[in-house]
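First up is the structure itself, then whatever we jot down about it.
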Amino acid sequence: MPRQSDLRYSLQPLVGDAAFEVVSFTLDEALSTPFKLNLELVSADADVDFAQLLDQPVLFTIWDGPRPVRYVHGLVSSFSQGDSGFSRT
Numbered sequence: 706m707p708r709q710s711d712l713r714y715s716l717q718p719l720v721g722d723a724a725f726e727v728v729s730f731t732l733d734e735a736l737s738t739p740f741k742l743n744l745e746l747v748s749a750d751a752d753v754d755f756a757q758l759l760d761q762p763v764l765f766t767i768w769d770g771p772r773p774v775r776y777v778h779g780l781v782s783s784f785s786q787g788d789s790g791f792s793r794t
């Protein structure tokens with residue numbers, strides 16, 4: 706069984722070339738209902754084109770070391786930019 710310290714997370718937009726690191730996430734799932742994934746992300750690119758990401762497919766992956774253990778495919782339904790600092794936005 707993986708320890709939490711062995712887990713890491715990634716988000717890969719399937720359109721465009723934006724790169725993000727996952728800070729935190731919540732995933733709400735239930736039978737016969739759509740899932741909802743909320744992500745807090747950071748990017749070294751302060752000029753990310755959020756409009757280009759809306760309604761586009763992304764892949765969220767949970768990793769145990771080098772091995773992917775869960776994939777979540779979805780569409781970006783909303784995006785907001787928080788504070789910038791420490792070379793991150």
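Reading the sequence shown from the start, the letters are residues 706 to 794 in the numbering used here.
Quick reminder that beta carbons are idealized off the backbone N, C-alpha and C, glycines included.
Nothing here was measured: the structure is a model prediction, and the numbers come from that model.
Return the residue from the list the options that minimises the CA-CA distance to residue i.
i: residue 784; options: 737, 778 and 742; result: 742
i: residue 749; options: 776, 712, 727 and 719; result: 727
i: residue 747; options: 782, 730, 711 and 779; result: 730
i: residue 782; options: 717, 768, 762 and 720; result: 762
For residue i, which of helix, strand or coil comes out of DSSP?
i: residue 710; result: helix
i: residue 755; result: helix
i: residue 782; result: coil
i: residue 761; result: coil
i: residue 734; result: coil
How many angstroms separate the CA atom of residue i from the CA atom of residue j?
i: residue 770; j: residue 756; result: 33 Å
i: residue 723; j: residue 733; result: 25 Å
i: residue 713; j: residue 764; result: 14 Å
i: residue 754; j: residue 789; result: 15 Å
i: residue 751; j: residue 710; result: 29 Å
i: residue 720; j: residue 780; result: 11 Å
i: residue 773; j: residue 739; result: 23 Å
i: residue 715; j: residue 736; result: 25 Å
i: residue 777; j: residue 766; result: 6 Å
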